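Everything on this sheet refers to the single structure shown next.
Residue numbers (my numbering): 343 to 917.
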């Protein structure tokens, strides 16, 4: 369960006794205490401590524990975003300094990577405040507060000292949050690891060279045997249309996996841009060589690449398995991912209605191929804006098949006890019962369509009272006859309004609570193409917390309440 930093808030009180008895953990939202869109003073939005206020994580956790919830049922949420204020007086730049309001972005929120880029561009350095446990920097009259390595390191240590179940992050597409978390979490253990390394290397240096050569030979043989097991048949080391790259070639192509070549951080490892000697540009995903999940993703991607080829799927070019590495090499997509455009007020203007419609159609064709036209039925299970890559002509390519499931044509559904996926895109039957079918991707596609036509994030709250998720907000607007107000204002085109509204209604059909009420992808394709085909009336969408029987007539604002690009549901990190 996700909950706020404290069990007792002005408007609500959590049933702690029931939570203790029935739930495994509570994920604390320990950030957004202060935001530049509402506070006229600079503040530590994710303060661990605050000597002047109860708006801090330590107070909330102590409150949870005092109410009877064990510390080992609490998960500390770590924020990798920050807020920017405009100072009234640049010389007065401490925490709590008077401010005129937000700065830099439309709502003042900034992703971690954007903050670091902004600081580098202006030569700014961050200051760590141990009283609040926050980092901040000033650039002229702009003041930016966020959590950098020092703050995260302190919070990770705090979670361990308090005996919390663990800590988790809200991953932001294209951000290097995982790298920062690793450096912060491991900093305290580096010295011990170095000592262990010396203990191992010194005796090893005395081993005769011949023995070392034998070990290397056996290791090489072992690696090759693992490669042969990548595909289901085990008869080939890799599928015939894939290349086997040497590690040295990939290392050279990515400039030794340099930070300047880093495109982002995936669920199981970083992604780099590379350039081969012949000039071909590639995208290189370097999976963790110690992660079991990374190994599963590697095998999954290669197995599916052997079976699937479609114009709207990202093409896997080859792999590298030298030196215990698990590296996947793809075609490079120069226009990054769909979310790079949708949620930026300037870049979204590149996506006019014609381009957005082409993206919807391309993703539709990709899903049709996966579900209906390939030799197998494939359920992607992580369809989202950041996994829709755009080529040089902005044509969409579905990517990241690491957690996809492949079925024979006579199989329709599966079940799992390990729930993974991305917040906002996961259907209720999967969350509640671990069930996944073709309708899983139909649901995710419905969410994606709503985002494409509105430019809104699924991780935000909307409406006058900021209490409606994206699906509820879309449903309410559609039901009360003001659907046009839900759409992206940049798509102000009377000629396309009917098509937009049709896409909205199809999307609402895709996100209905019961999976059996959702259309198949064949039906979705038909409804989008045949404008004269009558459409069913959508039922209330999944995860609705508000009743829609009596729609408010004074619902006039499109305010949104959020501060991060995307939240990823991932396994909890142990203490």
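No residue lacks a Cβ here, since even glycine has one placed at the ideal position from N, Cα and C.
Nothing here was measured: the structure is a model prediction, and the numbers come from that model.
Checklist entry - Buried or exposed: residue 525, going by 16 or more other Cβ atoms within 10 Å of its Cβ? => result Below a pLDDT of 50, predicted positions are generally treated as unreliable, and residue 525, at 44, falls in that range; no measurement from the model is reported.
Item to check | residue 694 versus residue 812 - alpha carbon distance | outcome: 21 Å
Item to check | For residue 711 and residue 443, the rounded distance between their alpha carbons | outcome: 49 Å
Checklist entry - Nearest CA to the CA of residue 666: which residue from 689, 719, 588, 660? => result 588
Item to check | Terminal residues of the beta strand (DSSP E) in which residue 696 lies | outcome: Where residue 696 is concerned, there is no enclosing beta strand (DSSP E), although the alpha helix (DSSP H) it sits in stretches over 695 to 710.
Checklist entry - If residue 702 and residue 624 are in contact, beta carbons under 8 Å, what's the gap, nearest whole angstrom? => result Incorrect: roughly 28 Å between the Cβ atoms, too far for contact.
Checklist entry - By Cβ distance, which residues of its chain are closer than 6 Å to residue 424, with the 5 residues on each side in sequence left out? => result 452, 457, 486, 487, 488
Next on the checklist: Please classify residue 775 as buried or exposed, where buried requires at least 16 neighbouring CB atoms within 10 angstroms.
Outcome noted: exposed
Checklist entry - In the structure shown, what three-state DSSP assignment does residue 486 receive? => result strand
Checklist entry - Going by Cα to Cα distance, which pick from 594, 436, 869, 762 is closest to residue 385? => result 436
Checklist entry - When you compare each of 866, 840, 402 to residue 852 by their alpha carbons, which one comes out closest? => result 866
Checklist entry - Does the distance from the CB of residue 825 to the CB of residue 792 come in under 7 Å? => result no
Checklist entry - For residue 407, which residues of its own chain have a beta-carbon under 7 Å away from its beta-carbon, when the five flanking residues on both sides are left out? => result 413
Item to check | Span of the beta strand (DSSP E) around residue 612 | outcome: 611 to 617
Checklist entry - Just the Cα atoms here: how many angstroms apart are residue 475 and residue 461? => result 19 Å
Item to check | 7 Å Cβ shell around residue 577 - same chain, five flanking residues per side excluded | outcome: Low confidence applies to residue 577: its pLDDT is 39, below 50, so where it sits in the model is not reliable, and the reading given next is rough at best. Cβ within range, chain order: n/a, list empty.
Next on the checklist: Could you give the first and the last residue of the continuous beta strand (DSSP E) run that contains residue 453?
Outcome noted: 451 to 453
Item to check | Span separating the alpha-carbon of residue 684 from that of residue 726 | outcome: 12 Å
Checklist entry - Are there 16 or more other CB atoms within 10 angstroms of the CB of residue 651, so buried, or fewer, so exposed? => result exposed
Item to check | Alpha-carbon to alpha-carbon, residue 445 and residue 675 | outcome: 32 Å
Checklist entry - What residues are listed by DSSP as bridge partners for residue 887? => result According to DSSP, which records beta bridges pairwise, residue 887 is partnered with nothing at all.
Next on the checklist: By alpha-carbon positions, which one of 468, 495, 411 ends up nearest to residue 362?
Outcome noted: 411
Next on the checklist: The beta strand (DSSP E) that contains residue 719, what's its start and end?
Outcome noted: 719 to 721
Next on the checklist: For residue 584, count the other beta carbons within 10 Å of its own beta carbon; 16 or more makes it buried, fewer makes it exposed. Which is it?
Outcome noted: buried
Next on the checklist: Between which two residues does the beta strand (DSSP E) holding residue 368 run?
Outcome noted: 368 to 371
Checklist entry - residue 642 to residue 416, Cα distance in whole Å? => result 33 Å
Item to check | Three-state secondary structure (DSSP) of residue 670 | outcome: strand
Item to check | Three-way DSSP call (helix, strand, coil) for residue 497 in this model | outcome: helix
Checklist entry - Between which two residues does the alpha helix (DSSP H) harbouring residue 867 extend? => result 863 to 871
Item to check | Residues of its chain near residue 539, where Cβ-Cβ distance is below 7 Å and the 5 sequence neighbours each way are ignored | outcome: The predicted position of residue 539 is uncertain, since its pLDDT is 49 and thus under 50; a value taken from the coordinates is nonetheless stated next. Answer for residue 539: no residue qualifies.
Item to check | Reference residue 400; option with closest CA among 830, 356, 828, 473 | outcome: 473
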